[in-house]
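Taking it in order: structure first as structure tokens, then the write-up.
Protein chains: 2
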Amino acid sequence: MTVKQLPIPELAEACGELGVTGVGLWREPVAEYGLDATAKLVREAGLTVTTLCRGGFLTAIDPHARVQAIDDNRRAVDEAATLGTDTLVLVSGGLPPGSRDLHGARERIADALSELGPYARERGVLLAVEPLHPMYAADRCVVSTLTQALDLAERFPADEVGVCVDTYHLWWDDRAPAEVARAGAAGRLFAYQLADWTTPLPEGVLNGRGQLGDGSVDFPAWHARVAAAGYTGPVEVELFNEELWARDGREVLAETLERFRAVARAR
Amino acid sequence: MTVKQLPIPELAEACGELGVTGVGLWREPVAEYGLDATAKLVREAGLTVTTLCRGGFLTAIDPHARVQAIDDNRRAVDEAATLGTDTLVLVSGGLPPGSRDLHGARERIADALSELGPYARERGVLLAVEPLHPMYAADRCVVSTLTQALDLAERFPADEVGVCVDTYHLWWDDRAPAEVARAGAAGRLFAYQLADWTTPLPEGVLNGRGQLGDGSVDFPAWHARVAAAGYTGPVEVELFNEELWARDGREVLAETLERFRAVARAR
Numbered sequence: 001m002t003v004k005q006l007p008i009p010e011l012a013e014a015c016g017e018l019g020v021t022g023v024g025l026w027r028e029p030v031a032e033y034g035l036d037a038t039a040k041l042v043r044e045a046g047l048t049v050t051t052l053c054r055g056g057f058l059t060a061i062d063p064h065a066r067v068q069a070i071d072d073n074r075r076a077v078d079e080a081a082t083l084g085t086d087t088l089v090l091v092s093g094g095l096p097p098g099s100r101d102l103h104g105a106r107e108r109i110a111d112a113l114s115e116l117g118p119y120a121r122e123r124g125v126l127l128a129v130e131p132l133h134p135m136y137a138a139d140r141c142v143v144s145t146l147t148q149a150l151d152l153a154e155r156f157p158a159d160e161v162g163v164c165v166d167t168y169h170l171w172w173d174d175r176a177p178a179e180v181a182r183a184g185a186a187g188r189l190f191a192y193q194l195a196d197w198t199t200p201l202p203e204g205v206l207n208g209r210g211q212l213g214d215g216s217v218d219f220p221a222w223h224a225r226v227a228a229a230g231y232t233g234p235v236e237v238e239l240f241n242e243e244l245w246a247r248d249g250r251e252v253l254a255e256t257l258e259r260f261r262a263v264a265r266a267r
Numbered sequence: 001m002t003v004k005q006l007p008i009p010e011l012a013e014a015c016g017e018l019g020v021t022g023v024g025l026w027r028e029p030v031a032e033y034g035l036d037a038t039a040k041l042v043r044e045a046g047l048t049v050t051t052l053c054r055g056g057f058l059t060a061i062d063p064h065a066r067v068q069a070i071d072d073n074r075r076a077v078d079e080a081a082t083l084g085t086d087t088l089v090l091v092s093g094g095l096p097p098g099s100r101d102l103h104g105a106r107e108r109i110a111d112a113l114s115e116l117g118p119y120a121r122e123r124g125v126l127l128a129v130e131p132l133h134p135m136y137a138a139d140r141c142v143v144s145t146l147t148q149a150l151d152l153a154e155r156f157p158a159d160e161v162g163v164c165v166d167t168y169h170l171w172w173d174d175r176a177p178a179e180v181a182r183a184g185a186a187g188r189l190f191a192y193q194l195a196d197w198t199t200p201l202p203e204g205v206l207n208g209r210g211q212l213g214d215g216s217v218d219f220p221a222w223h224a225r226v227a228a229a230g231y232t233g234p235v236e237v238e239l240f241n242e243e244l245w246a247r248d249g250r251e252v253l254a255e256t257l258e259r260f261r262a263v264a265r266a267r
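Here is the structure:
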């Protein structure tokens with residue numbers, strides 16, 4: 001998503017040139033290029049698919065909508081397996097229209113996970129519940145803190161459901177460091193994503209994630225706590241940013257890699 | 001602030017006509033009309049000043065800036081006393097430019113409160129620390145949850161420092177209900193403010209607070225938990241909303257009063 005202006009073949013080529021060996025993919029561009037074609041292309045390019053984004057949106061009340069959501073998430077699991085990644089990231093969904101019941105919405109996510117967890121496990125895919133910043137609680141994700149995400153995950157086996165830690169969503173929370181340790185100890189730290197927090201936020205607050213180093217996130221501290229929690233998996237950079245998308249994708253990828261190395265070095 | 005288009009004399013008149021007996025004031029319009037003139041006007045209109053907004057912005061690192069901030073907060077306390085309100089609301093301040101140290105910023109707030117608390121107590125003014133939504137953590141307020149605000153308040157006597165509960169900032173947090181009870185039990189629930197959460201958020205995310213009933217906040221549930229915590233003080237409606245500000249102020253005040261009654265009745 002950081003360089004969504006690059007079609008998948010160009011992305012693979014640019015990664016190869018820059019020495020990037022893993023890539024997190026989103027379902028829409030994969031579907032556009034073709035699932036099997038994408039799987040073949042990344043395999044031949046020697047790229048590991050680190051995660052697939054995203055399943056989720058599991059908060060509907062309407063029974064037909066719920067069945068559709070579960071079916072769609074099963075397809076997402078299948079796609080992850082085909083792409084050779086072991087992790088599907090879930091953005092759980094916001095409040096259904098007209099509802100003000102956050103607790104009920106969170107319980108419906110748990111209901112759906114009880115169906116999806118075994119399905120995913122049988123296919124070698126872990127479900128990573130991603131807490132999104134509280135500013136998305138109404139319209140995208142009622143799971144707003146790492147505490148909530150872990151409380152949810154721990155209702156299921158650790159080889160089915162865990163969490164995705166994204167600095168953009170969690171940087172402000174003084175409880176997050178302890179919860180990262182909890183996630184690690186429970187064997188549920190499935191994914192680690194980076195974006196910086198910059199202000200002012202744009203209208204709609206979706207596409208203002210900052211380039212690494214431009215904002216308020218203390219990346220060295222985050223790297224240290226994620227490492228201390230035993231995480232040795234890939235580190236993804238996920239920037240939703242209109243300005244970055246308007247630029248040359250290869251240039252943005254090179255810049256992002258440079259920033260990535262700089263924030264890792266900063267301590 | 002809900003009807004900031006109304007100059008203070010018109011505000012007082014409109015409140016009188018609608019049977020509104022209390023008003024929360026902000027320092028800027030008070031200063032513009034004159035502190036003593038405002039105090040006289042609201043007294044003669046039979047209006048109670050429920051709170052004064054706002055003190056705070058206590059996170060500066062530079063010693064001169066810190067002294068200036070404390071002096072300014074002392075003036076805010078004096079203004080509150082002159083206006084006859086017993087509560088000054090504090091918006092604590094964001095990260096200083098270039099800093100990524102949330103913990104340090106929170107500690108500097110505590111330092112400042114240790115100076116301001118006794119000063120305010122001697123003048124009959126309570127300091128209400130207001131946690132702001134986490135989306136303001138970088139640029140306005142590093143105190144993002146009611147838990148953090150209470151942890152901070154409880155380092156000081158309960159007749160000096162407490163909290164302001166605002167539904168707009170706290171509605172998403174599953175820990176907030178228990179913390180409201182904690183605030184009540186500790187005698188630190190000093191103010192209660194209402195605004196609804198509506199999306200999409202506007203650019204800068206400051207002036208999109210929803211009219212009561214238009215959004216995701218479950219007001220009856222909030223009223224019930226604040227009442228259960230023993231709160232019997234005024235209930236303020238604080239809407240920062242460009243659309244409401246563009247309309248006739250008396251019409252907005254009447255509509256807000258109607259909505260206020262409707263959301264109180266909803267259960």
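Order-wise, the sequence lines are chains A and B.
Under full-length UniProt numbering, the very last position in the first sequence is 267; numbers go up by exactly one each time.
Under full-length UniProt numbering, the very last position in the second sequence is 267; numbers go up by exactly one each time.
Here a beta-carbon is modelled for each residue, glycine too, at the ideal position from N, C-alpha and C.
Burial state of residue i, where buried means 16 or more other Cβ atoms lie within 10 Å
i	result
GLY162(A)	buried
SER114(A)	exposed
GLN211(A)	buried
ARG261(B)	exposed
THR198(B)	buried
GLY208(A)	buried
ALA128(B)	buried
PRO202(B)	buried
GLU32(A)	exposed
ALA137(A)	buried
ASP173(B)	buried
HIS223(B)	buried
Three-state class that DSSP yields for residue i in the structure shown
i	result
PHE219(B)	helix
GLY16(B)	helix
ASP174(B)	coil
THR21(B)	coil
GLY124(B)	coil
ASP166(B)	strand
LEU132(A)	coil
THR87(A)	strand
ARG100(A)	coil
GLY208(A)	strand
VAL3(B)	coil
GLY94(A)	coil
VAL143(A)	coil
Continuous beta strand (DSSP E) stretch holding residue i: start and end
i	result
ALA191(B)	189-194
THR51(A)	48-56
ASP214(B)	Element bounds for ASP214(B): n/a, residue is neither H nor E.
GLY204(A)	Looking at the DSSP string, GLY204(A) is not in any beta strand (DSSP E), and its letter there is neither H nor E.
GLU236(B)	235-237
Own chain, CB closer than 8 angstroms to residue i, minus 5 neighbours either side, in chain order
i	result
ALA158(A)	ALA186, GLY187 and ARG188
ALA45(B)	ALA12, GLU13, CYS15 and GLY16
GLU10(B)	GLY249 and ARG250
Limits of the unbroken alpha helix (DSSP H) element including residue i
i	result
THR38(B)	35-44
ASP71(A)	63-83
GLU243(B)	242-245
ASP139(A)	Run containing ASP139(A): none; DSSP gives neither H nor E here.
PHE260(B)	249-265
ASP151(B)	146-153
Member of the options whose CA lies at the smallest distance from the CA of residue i
i	options	result
ASP101(A)	PHE219(B), SER92(B), LEU132(B) and GLU251(B)	PHE219(B)
ASP78(A)	GLY249(A), PHE190(A), LEU126(A) and ARG259(A)	LEU126(A)
LYS40(B)	ARG155(B), ARG121(B) and LEU83(B)	LEU83(B)
THR145(A)	PRO131(A), TYR136(A) and LEU152(A)	PRO131(A)
THR87(B)	GLY24(B), LEU58(B), ALA229(B) and LEU170(B)	GLY24(B)
LEU116(B)	GLY98(B), ASP71(B), VAL252(B) and SER99(B)	ASP71(B)
CYS164(A)	ASP36(A), TYR192(A), ARG259(A) and GLU107(A)	TYR192(A)
GLY135(B)	ALA69(B), ALA153(B) and HIS169(B)	Note that residue 135(B) is Met in the sequence shown, not Gly. Nearest of ALA69(B), ALA153(B) and HIS169(B) to MET135(B), Cα basis: HIS169(B).
ALA110(A)	ARG121(A), ALA80(A) and LEU152(A)	LEU152(A)
GLU255(B)	ARG43(B), ARG106(B), ASP214(B) and PHE190(B)	ASP214(B)
VAL91(A)	GLU243(A), ALA195(A), TYR119(A) and HIS133(A)	HIS133(A)
Sequence-distant residues of its chain with Cβ nearer than 6 angstroms to residue i (five each side left out)
i	result
PRO177(A)	ARG225
ASP139(B)	GLY94
TRP26(A)	MET1 and CYS53
ARG66(A)	ALA60
Contacts around residue i, its chain only, beta-carbon distance under 7 angstroms, and the 5 residues preceding and following it disregarded
i	result
THR147(B)	ARG175 and GLU179
HIS103(A)	none
VAL20(A)	LEU257
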